[in-house]
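Scroll down for the structure; my scribbles are underneath it.
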Amino acid sequence: MILGIGIDAVETARFASWRTYPRSRLQRIFSDAEIDYCLSSLTKSAQRFAARFAAREAFFKALDTAIPGHSLSLLAVCRHMQVTRTQRGAALIAVDWKQLLAQEKLSKIPTIASLISITHTKTTTTVIILLQKE
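So the sequence shown is numbered by numbering that gives the first Met the number 0: it starts at 0 and just counts up by one.
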């Protein structure tokens with residue numbers, strides 16, 4: 000059963016300077032593992048930061064649909080999720096549901112599986128998130 004869907008598209012060039020930001024500033028949005036991954040290739044850092052930022056926006060939209068009637072904080076959502084990768088390179092969403100629910104003072108919600116798809120062009124990064132009941 001689909002609980003929520005979210006999509007976000009960002010201009011990749013907007014993230015070109017993010018590789019120069021202090022780590023403490025990046026940590027407000029991204030996990031340490033994500034920051035390390037994004038900075039591991041300076042030529043791809045803008046694209047990688049853009050994808051992870053768009054994933055948070057899309058996840059926030061999907062979660063807002065999945066949990067109607069609750070006011071969620073985008074920064075809390077950012078802090079309790081991250082984009083990871085499978086061994087083959089496919090994107091995955093890792094969510095610390097326990098921490099997110101506690102911080103947002105939400106009652107127990109159904110077990111949710113998060114699906115993600117990321118695509119890039121030279122100028123745009125687009126992410127779609129699908130939340131479904133497990």
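Every residue, glycine too, gets a C-beta built ideally from N, C-alpha and C.
Computed from a predicted model, the values in this text were never measured in an experiment.
By the CB criterion at 7 angstroms, A49 and A15 fall outside the cutoff. Of all C-beta pairs linking the region 63 to 70 to the region 80 to 90, fewer than three are shorter than 8 angstroms, placing the two stretches out of contact. Secondary structure note for I128: its beta strand (DSSP E) is the uninterrupted segment 123 to 132. By a beta-carbon distance limit of 8 angstroms, I6 contacts I127. Their separation comes to about 5 angstroms.
About 6 angstroms separates the beta carbons of T11 and T123, which is inside the 8 angstroms limit, making them a contact pair. The criterion of a C-beta distance shorter than 7 angstroms is not satisfied by L73 and F58. Rounded to whole angstroms, the gap between the alpha carbons of K132 and L114 is 11 angstroms.
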